[in-house]
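The sequence shown maps to residues 1262 to 1420 in the working numbering.
Scroll down for the structure; my scribbles are underneath it.
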Amino acid sequence: MSLILGTFFFAIGSALLPLLNLEIYLGALPSAHSQAFALAVAAGSGQTLGKVVWYYAGVHSMKIPWLARKMEAEKWRESYQRWHDRIVGRPFLAGTIVFASAISGFPPLAVVAVLAGSLEMPFVLFLTTCLVGRIARFWLVLEGAEWVRQLAPHLFGTH
1262 MSLILGTFFF
1272 AIGSALLPLL
1282 NLEIYLGALP
1292 SAHSQAFALA
1302 VAAGSGQTLG
1312 KVVWYYAGVH
1322 SMKIPWLARK
1332 MEAEKWRESY
1342 QRWHDRIVGR
1352 PFLAGTIVFA
1362 SAISGFPPLA
1372 VVAVLAGSLE
1382 MPFVLFLTTC
1392 LVGRIARFWL
1402 VLEGAEWVRQ
1412 LAPHLFGTH
């Protein structure tokens, strides 16, 4: 249980501080295969909670004086409005973008979370697509690390 709780808290930290790499942490866990799904849920939940901070940073980003001044320029306002219309009018597209970022890491999920917040993507849609994508990502990392651990002795002749 402490491994799962520790993973959850490390995941929150890694969502907020890019120097903490959750994939390396998960890949280095010794023989976590029996707990892979529980660890993936803990990691995905922690990461999602951390990304919610970035989402709300995006929600409040328009209150930043520098951004408010940028938005006064017609080009910026038009670009923002174009993206806003795409996201608000197309929840499937918005969810797909967040899910793709959550599972692949491209574009970076922290950036996507800020944009989702600033473009007023529905919070529940952001939360669910982010959570499902992150759980899938971390389950794949854990399973991949286990596969490498099992394959390594055969590759290096140390079985």
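Ideal Cβ placement from N, Cα and C applies to all residues, glycine included.
Nothing here was measured: the structure is a model prediction, and the numbers come from that model.
Could you tell me the alpha carbon to alpha carbon distance between W1337 and S1379, rounded to whole angstroms?
Straight-line Cα distance between these residues: approximately 13 Å.
Pop quiz: V1375 and W1315 are said to be a contact at Cβ under 8 Å. What is the actual Cβ separation, rounded to whole angstroms?
That pair is a contact at about 5 Å.
According to DSSP, is I1348 helix, strand or coil?
I1348: helix per DSSP, three-state reduction.
Assuming G1311 contacts I1273 under a Cβ cut-off of 8 Å, what Cβ separation, rounded to an integer in Å, is found between them?
5 Å between Cβ atoms; contact.
Let me confirm a value: S1362 is counted as buried when at least 16 other C-beta atoms fall within 10 Å, else exposed. Which label applies?
Residue burial is scored here from C-beta neighbours: S1362 has at least 16 other C-beta atoms within 10 angstroms and is therefore classed as buried.
Distance check for V1349 and R1343, CA to CA, integer angstroms please.
Roughly 10 Å separates the two Cα atoms.
Helix, strand or coil for F1367 per DSSP?
Secondary structure at F1367: coil, using DSSP grouped into helix, strand and coil.
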